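Using my numbering, the letters of the sequence shown map in sequence onto residues 304 to 566.
Every residue gets a Cβ at the ideal spot worked out from N, C-alpha and C, and that includes glycine.
Nothing here was measured: the structure is a model prediction, and the numbers come from that model.
Have a look at the structure below, then the notes.
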Amino acid sequence: MSLPRFFLENQVLAAETEAVFPLRLEADDAKHARVLRLAAGEHIAVIDADQDYFECEIVDFADELPLVSIARHEDASEAGPQVILLQGLAKGDKMETVIRHATEVGVAAFVPLTCARSIVKLDAKKAAAKTERWRAIAKSAAMQSGQARVPEVAEPVSVREAAAMLGQATAVLVCWEEAPETASLREAVHDALLATCTPAADARIAVVVGPEGGLAEEEVQLLLGCNGRARLVTLGPSILRTETAGIVAPALVLYELGGMGNA
304 MSLPRFFLEN QVLAAETEAV FPLRLEADDA KHARVLRLAA GEHIAVIDAD
354 QDYFECEIVD FADELPLVSI ARHEDASEAG PQVILLQGLA KGDKMETVIR
404 HATEVGVAAF VPLTCARSIV KLDAKKAAAK TERWRAIAKS AAMQSGQARV
454 PEVAEPVSVR EAAAMLGQAT AVLVCWEEAP ETASLREAVH DALLATCTPA
504 ADARIAVVVG PEGGLAEEEV QLLLGCNGRA RLVTLGPSIL RTETAGIVAP
554 ALVLYELGGM GNA
């Protein structure tokens with residue numbers, strides 16, 4: 304059974320000088336620890352601000368924060384392949400669904416896209432509030448699914464702004480309902496690895512999924528022009544909802560890179 308997992312934003316455990324010390328958990332994480340009814344003698348997994356992994360034993364509680372001792376320490380794990388999901392803004396709780404489940408799959412970062420056909424339009428204040436909410440969901444999902452890191456969640460950007468970020472990606476895979484049936488995701492991934500002489504473990508692949516109305520042709524052309532290894536890809540003959548595509552596409556890429564049980 305996996306250990307309850309906590310991420311520390313401002314504490315480096317290797318710098319602690321006492322054998323027993325408090326974990327400086329964020330308020331929500333401290334609440335989560337109380338909900339779990341953790342008790343002295345139990346072990347928890349902690350990833351600190353240096354991304355190092357510690358197995359800690361709870362000794363006691365002080366001011367509702369756990370006092371722990373280090374039972375085991377591992378250096379920061381190798382980063383492995385990174386999949387960045389650029390997801391068109393979708394209405395309702397669809398963005399939350401995508402971020403939660405794609406985090407569980409292993410997506411490394413999210414870039415919400417403001418697209419021409421997006422039903423949702425966010426002003427700066429709403430975008431900041433949404434981003435804070437999405438980051439909390441990503442952190443919670445990373446804790447629940449045992450990820451080594453919490454995915455980054457950017458504030459929403461336009462497709463043009465996103466395209467300017469993607470020049471150094473190993474590949475940019477644009478999921479588009481009008482892509483030809485021959486636009487194989489598998490071939491796009493492996494062709495990019497060969498073209499850049501990049502081992503799968505070092506790949507950094509961007510996956511673009513449009514909103515409910517799909518990507519406009521002008522947006523597709525912007526994305527295809529941002530990187531010499533940008534390709535249209537198809538997810539098969541079925542028309543997927545945006546929130547389904549935002550989970551399936553990254554999972555397929557991670558599988559091709561040796562993840563998802565395909566090592």
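Quiz item: Comparing alpha-carbon positions, which option in 469, 311 and 358 lies nearest residue 534?
Solution: By one-based count along the sequence shown, residue 534 stands at place 231. Out of 469, 311 and 358, 469 has the C-alpha closest to the C-alpha of residue 534.
Self-check item: Cβ neighbours of residue 349 in the same chain (closer than 6 Å, five flanking residues each side left out)
Solution: Within the sequence shown, numbered from 1, the residue matching residue 349 stands at position 46. Contacts found: 309, 357 and 359.
Practice problem: State the Cα-Cα distance for the pair residue 521 and residue 476, rounded to the nearest angstrom. | Solution: Stepping through the sequence shown from its first residue, residue 521 is reached at position 218. Stepping through the sequence shown from its first residue, residue 476 is reached at position 173. For residue 521 and residue 476, the distance between alpha carbons rounds to 16 Å.
Quiz item: Is the beta carbon of residue 272 sitting closer than 8 Å to the one on residue 510?
Solution: Residue 272 lies beyond the range of the chain shown here (304 to 566); nothing can be said about it.
Quiz item: With residue 415 and residue 365 assumed to form a contact (beta carbons below 8 Å), what rounded beta-carbon distance in angstroms separates them?
Solution: Residue mapping note: residue 415 aligns to position 112 of the sequence shown, counting from 1. Residue mapping note: residue 365 aligns to position 62 of the sequence shown, counting from 1. A Cβ-Cβ separation of about 39 Å leaves residue 415 out of contact with residue 365 under the 8 Å criterion.
Quiz item: Can you find at least 3 beta carbon pairs, one from the segment 481 to 492 and one from the segment 535 to 544, that sit closer than 8 Å?
Solution: Taking 8 Å as the limit for Cβ pairs, the verdict is that the segment 535 to 544 does touch the segment 481 to 492.
Quiz prompt | Meets three-Cβ-pair contact criterion under 8 Å: the segment 415 to 434 and the segment 456 to 463 | solution = Short answer: they touch.
Quiz prompt | Under 8 Å between C-beta atoms of residue 311 and residue 327 | solution = Here the question's residue 311 lines up with position 8 in the sequence shown. Here the question's residue 327 lines up with position 24 in the sequence shown. Residue 327 is positioned such that its CB atom lies closer than 8 Å to that of residue 311.
Self-check item: Span separating the alpha-carbon of residue 285 from that of residue 396
Solution: Absent from the structure is residue 285, since the part of the chain shown begins at 304 and ends at 566.
Exercise. Give me whichever residues DSSP pairs with residue 415 in a beta bridge.
Key: Position 112 of the sequence shown, counted from the start, is the residue given in the question as residue 415. Note: residue 415 is bridge-paired with 390 in the DSSP secondary-structure output.
Practice problem: Along the alpha helix (DSSP H) that carries residue 402, what are the first and last residues, could you check? | Solution: Stepping through the sequence shown from its first residue, residue 402 is reached at position 99. Per DSSP, residue 402 belongs to the alpha helix (DSSP H) from 397 to 408.
Quiz item: Rounded to a whole number of angstroms, what is the C-alpha to C-alpha distance between residue 389 and residue 515?
Solution: Within the sequence shown, residue 389 is the residue found at index 86, counting from 1. Within the sequence shown, residue 515 is the residue found at index 212, counting from 1. If I take the Cα positions, the gap works out to 14 Å.
Quiz prompt | Collapsed DSSP secondary structure at residue 560 in the structure displayed | solution = Here residue 560 is taken as the residue at index 257 of the sequence shown, counted from 1. In this structure, residue 560 counts as coil in the three-state DSSP scheme.
Self-check item: Residue nearest to residue 353 in terms of C-alpha spacing, selected from 333, 313, 503 and 394
Solution: Residue mapping note: residue 353 aligns to position 50 of the sequence shown, counting from 1. Its Cα nearest to that of residue 353, the residue 313 stands out among 333, 313, 503 and 394.
Quiz prompt | contact_flag[the segment 438 to 455, the segment 397 to 412] where n(CB pairs < 8 Å) is 3 or more | solution = The segment 438 to 455 vs the segment 397 to 412: in contact.
Quiz prompt | Local conformation of residue 440 per DSSP, three classes | solution = In the sequence shown, residue 440 corresponds to position 137, counting from 1. Helix, per DSSP.
Quiz item: Rounded C-beta distance between residue 549 and residue 503? I'm assuming under 8 Å.
Solution: Translated into the one-based positions of the sequence shown, residue 549 becomes position 246. Translated into the one-based positions of the sequence shown, residue 503 becomes position 200. Incorrect: roughly 22 Å between the Cβ atoms, too far for contact.
Quiz item: Between the Cα of residue 526 and the Cα atoms of 544, 474, 542 and 551, which residue gives the shortest distance?
Solution: In the sequence shown, residue 526 corresponds to position 223, counting from 1. Among 544, 474, 542 and 551, the Cα nearest to that of residue 526 belongs to 474.
Quiz item: Taking the alpha-carbon positions, what's the residue 466 to residue 495 distance?
Solution: Taking the sequence shown and counting its residues from 1, one reaches residue 466 at position 163. Taking the sequence shown and counting its residues from 1, one reaches residue 495 at position 192. Going from the Cα of residue 466 to the Cα of residue 495 covers about 18 Å.
Quiz item: What's the gap between the Cα of residue 407 and the Cα of residue 513?
Solution: Along the sequence shown, read from residue 1 onward, the residue named residue 407 stands at position 104. Along the sequence shown, read from residue 1 onward, the residue named residue 513 stands at position 210. Using only the alpha carbons, I get a separation of about 21 Å.
Quiz item: Looking at the unbroken alpha helix (DSSP H) that takes in residue 634, where does it start and where does it end?
Solution: The requested residue 634 is not part of the displayed model; the chain covers only 304 to 566.
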